[in-house]
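In the numbering used here, the protein residues as written are 54 to 224.
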C-alpha cells in the first residue's frame with residue numbers, strides 16, 4: 054500500500070510538473086502571439102509611412118511649377134481683357150486646379166500663414182515690416198507658399214513678419 058501511495062505521489066508530482074510546463078508554454082505562446090501582432094502593426098505603420106513619403110521628392114520638384122502657375126495665373130488675371138481671353142484664362146485655371154487636386158489627393162496641403170502667429174516650424178521669416186495695427190510676430194505677407202505632406206512640413210512659408218513701429222524688439 055505504501056508503494057502505491059509513493060507511486061501516486063510521484064505521478065501527482067509528475068502531473069504537476071507537466072501542468073506547469075504546459076502553463077509556461079501557453080504563456081510563451083501568448084507572448085509570441087503578442088510580439089507577432091506588434092510586429093505586424095509596426096510593419097504596417099512603416100509601410101504606410103514609406104508609401105506616404107515615397108513621392109516627397111517628386112512633390113518637392115513639382116512645387117516650383119505650382120509656384121509658377123500661381124504667378125502666371127496672377128499676371129494673367131491682371132492682363133484679362135487686354136492680351137488674354139476669358140476662355141484661355143478659364144482653361145489655365147482648370148489645369149492649375151487639376152494639378153492642385155492631384156497633389157491634394159496625395160496628401161499635400163498649403164500652410165495657412167497670413168494673419169497667424171509666426172512659428173518657425175511652419176514659417177521662414179524673410180523680412181520684417183513695421184506695423185501699427187498688429188502685434189509683433191504676425192505673418193503679414195506671404196512671399197512663397199509653404200506646404201505640408203500629411204503632417205510633415207516639406208517647405209515652410211517664406212513670410213514677412215510684423216514688428217512694432219519704432220524698432221523695439223522687446224514688445
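Ideal Cβ positions, reconstructed from N, Cα and C, are used throughout, including at glycine.
- Look at the beta carbons and you see the stretch 174-190 not touching the stretch 142-158: under three pairs across the two are nearer than 8 Å.
- In this structure residue 166 is in contact with residue 195, their Cβ atoms being roughly 5 Å apart against a cut-off of 8 Å.
- Between residue 113 and residue 156, the CB-CB gap reaches or exceeds 9 Å.
- Counting C-beta pairs closer than 8 Å gives fewer than three between the stretch 121-128 and the stretch 170-187, which falls short of the contact rule.
- The stretch 146-205 contains, as complete beta strand (DSSP E) runs of 3+ residues, the segments 161-163, 176-184, 192-197, 200-202 (chain order).
- Straight-line measurement puts the Cα of residue 207 at about 8 Å from the Cα of residue 199.
- Every alpha helix (DSSP H) stretch that sits fully inside the stretch 106-134 and reaches 4 residues is listed by chain position as 109-131.
- A straight-line Cα-Cα distance of about 31 Å links residue 104 and residue 83.
- The C-beta of residue 161 has 16 or more other C-beta atoms within 10 Å across all chains shown, which makes the residue buried.
- For residue 213, the enclosing beta strand (DSSP E) begins and ends at 210-217.
- When the beta-carbon positions are compared, residue 180 and residue 109 stay at least 9 Å from each other.
- Separation of the CB atoms of residue 215 and residue 184 is rounded to 5 Å, and the pair is thereby assigned contact status at 8 Å.
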